[in-house]
Amino acid sequence: MERVIFDSDLYIDWIEAGLRAELILAQQFVRYMSTVVLLELQAGALKAKAAEAVRDLYRTFERTGRLLSPSPRAFWEAGSVLRALQQRHGFDLRRRFRLVNDCLIALSSRQVGATVLTRNERDFRLIQQVAPFSLVVVP
-13 MERVIFDSDL
-3 YIDWIEAGLR
7 AELILAQQFV
17 RYMSTVVLLE
27 LQAGALKAKA
37 AEAVRDLYRT
47 FERTGRLLSP
57 SPRAFWEAGS
67 VLRALQQRHG
77 FDLRRRFRLV
87 NDCLIALSSR
97 QVGATVLTRN
107 ERDFRLIQQV
117 APFSLVVVP
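Residues in the sequence shown are numbered consecutively from -13, following the working numbering.
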């Protein structure tokens, strides 16, 4: 079974509009929850129903032992990747803070050999230019 990490955009589609349930709940995946994705979901869960859904996700992944936090090496590599992207593309990370999170998600996915699934093709493809990882862009 393929190991996957869903980016927060796919969980938001599911939590807020019931979209992508066939993907989120697909049986062919071994799902991991990035703690960076969890942080983004928790921060954005402004309505009670969304907060409850995020809490349920957290409890499920905690119970199954599939919460994935970036390792110290992932943080170290993320700094190098972000520096390279700033140099190549002139990014101001103070204005592109989500890129920091996406970089940590991408690099930590390699810790367990997982594929990142996301709608955010632009940022994750930029990261792939510097640090290879498995990625599937969901239309």
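Where a beta carbon is used, it is the ideal one built from N, C-alpha and C, also for glycine.
Query raised in the report: Among residues of its own chain, excluding the 5 on either side of Ile113, which ones have a beta-carbon nearer than 7 Å to its beta-carbon?
Result: Residue 113 sits at position 127 when you count from the first residue of the sequence shown. Val67, Asp88, Cys89, Ala92.
Requested in this report: Compute the Euclidean distance between the alpha carbons of Glu48 and Val116, then round it to the nearest angstrom.
Outcome: Taking the first residue of the sequence shown as 1, we reach residue 48 at position 62. Taking the first residue of the sequence shown as 1, we reach residue 116 at position 130. Looking at the two C-alpha atoms, the distance is approximately 31 Å.
Report task. Look up Phe(-8) in the DSSP assignment and give the residues it is bridged to. Result -> Taking the sequence shown and counting its residues from 1, one reaches residue -8 at position 6. Residue pairing of Phe(-8) in beta bridges, as defined by DSSP: Leu103.
**Report entry** Coarse secondary structure for Leu121, derived from DSSP in three states
**Finding:** Locating residue 121 in the sequence shown gives position 135, counting from the first residue. Strand, per DSSP.
**Report entry** Backbone CA spacing between Gln13 and Asp(-5) [nearest angstrom]
**Finding:** Counted from its first residue, the sequence shown places residue 13 at position 27. Counted from its first residue, the sequence shown places residue -5 at position 9. Whole-angstrom Cα-Cα distance: 20 Å.
**Report entry** Where the beta strand (DSSP E) through Ser20 begins and ends
**Finding:** The sequence position of residue 20 within the sequence shown is 34, counting from 1. Counted as a single uninterrupted DSSP element, the beta strand (DSSP E) harbouring Ser20 occupies residues 15 to 20.
Query raised in the report: Candidates Arg6, Pro58, Glu2, Arg17: which alpha carbon is nearest Ala31's?
Result: Working through the sequence shown from its first residue, we reach residue 31 at position 45. Selected option, being the one with the closest Cα: Glu2.
Query raised in the report: Counting Cβ pairs, one atom from each stretch, are 3 or more of them under 8 Å apart for the region 70 to 80 and the region 2 to 11?
Result: Contact fails: fewer than three Cβ-Cβ distances are below 8 Å.
Query raised in the report: So, helix, strand or coil for Leu11, using DSSP?
Result: Within the sequence shown, the letter at position 25 stands for residue 11. In this structure, Leu11 counts as coil in the three-state DSSP scheme.
Query raised in the report: Opposite Leu53 in the DSSP bridges: which residues?
Result: Residue mapping note: residue 53 aligns to position 67 of the sequence shown, counting from 1. Leu53 is bridged to Met19.
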